[in-house]
Amino acid sequence: MRSNSKKAWLAALLVLASGISACLTLTPIRAIYRVNLTPLQQGDDYQVDNADDGIVFVKEGLRLKVRHLQDGELNAHYPDESNPFTYRGEVDPALGHVPPRFTVFQVLLNNPTFDKVLMQPERVFLKTDRGKILHPYQLTRAEARGDVRNFETYWLSRGVQSGNMQKLYLERMGVLRGAVYHRDSFVFKGNSYRGMLIFDPLEPGTGQVTLFIADFVLDFGIYDTPGSQVDLEFTFAVRGEVIEPVAEMAQAF
Numbered sequence: 035m036r037s038n039s040k041k042a043w044l045a046a047l048l049v050l051a052s053g054i055s056a057c058l059t060l061t062p063i064r065a066i067y068r069v070n071l072t073p074l075q076q077g078d079d080y081q082v083d084n085a086d087d088g089i090v091f092v093k094e095g096l097r098l099k100v101r102h103l104q105d106g107e108l109n110a111h112y113p114d115e116s117n118p119f120t121y122r123g124e125v126d127p128a129l130g131h132v133p134p135r136f137t138v139f140q141v142l143l144n145n146p147t148f149d150k151v152l153m154q155p156e157r158v159f160l161k162t163d164r165g166k167i168l169h170p171y172q173l174t175r176a177e178a179r180g181d182v183r184n185f186e187t188y189w190l191s192r193g194v195q196s197g198n199m200q201k202l203y204l205e206r207m208g209v210l211r212g213a214v215y216h217r218d219s220f221v222f223k224g225n226s227y228r229g230m231l232i233f234d235p236l237e238p239g240t241g242q243v244t245l246f247i248a249d250f251v252l253d254f255g256i257y258d259t260p261g262s263q264v265d266l267e268f269t270f271a272v273r274g275e276v277i278e279p280v281a282e283m284a285q286a287f
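Numbering of the sequence shown is given in the working numbering, commencing with residue 35 and proceeding in unit increments.
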């Protein structure tokens, strides 16, 4: 009787050990560098959306919302290899953790009021409290007009020699084409528009950033000449930290 009980106990222990081993195998243990951006107090024309930490510029019913997208959210939305926004769990051996590939903001513009408005992504920049100014990546070399910050150059420089890599490159560019905030995207009355602004990753130690949108056009004259324009600012506190493997393993269970 005692022998059978001992055998049952050993069998249960083996099952538990097997389960833990499988969990560790299916959930790679990696340290990640997580960046959190929290909205700071804005001016009278701005609101903070506490539901998703977005900042909203409001004018006569028009709403332009800016929010930071973390790597975890991007990985959940783009789970396969065609994800062009993150390293998808790839550890940098020199750092010992998974770094951010980019800094990504989503812009949502809803226009129930004005005849036609325009946000110009080429007039956008990100300024850090360390004095660095970042400009968003353009989609193609032609759009970038000589600036190396474009996704065509970025992904081609990482190798597309094989047929599989060429296919993956085209898939990534397709994802980007459908996601970025495009130039000359007029938003007419009653319509809305959504797109991403994508910058280089923030330097470690950055404590605050401000996204500047210059010359946001509220109306147009004859021949689409810009009329009233405003400059917008969206300021966030930044916290970057390495999340150690132990924490990730605990989350996996």
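Built from N, CA and C at the ideal position, the CB exists for glycine as well.
Item: DSSP beta-bridge partners of Met230; Value: Gln140, Val214
Item: Residues bridged to Arg101 (per DSSP); Value: Gln140
Item: Proximal residues to Trp189 (C-beta, below 8 Å), its chain only, five neighbours per side dropped; Value: Pro118, Tyr203, Arg206, Met207
Item: Distance between beta carbons of Arg164 and Glu237, contact taken as under 8 Å; Value: 6 Å
Item: Same chain, Cβ closer than 8 Å to Leu108, neighbours up to 5 away in sequence not counted; Value: Asn117, Phe119, Thr120, Val138
Item: Leu129 burial status per 10 Å Cβ neighbour count (16 or more: buried); Value: exposed
Item: Beta-carbon proximity check, Leu173 vs Val209, cutoff 7 Å; Value: no
Item: Same chain, Cβ closer than 6 Å to Thr269, neighbours up to 5 away in sequence not counted; Value: Leu74, Thr244
Item: Cβ neighbour criterion (16 or more within 10 Å) applied to His111; Value: exposed
Item: Own chain, CB closer than 6 Å to Asp126, minus 5 neighbours either side, in chain order; Value: Pro133
Item: Residue environment, Ile89, which counts as buried when at least 16 other CB atoms sit within 10 Å; Value: buried
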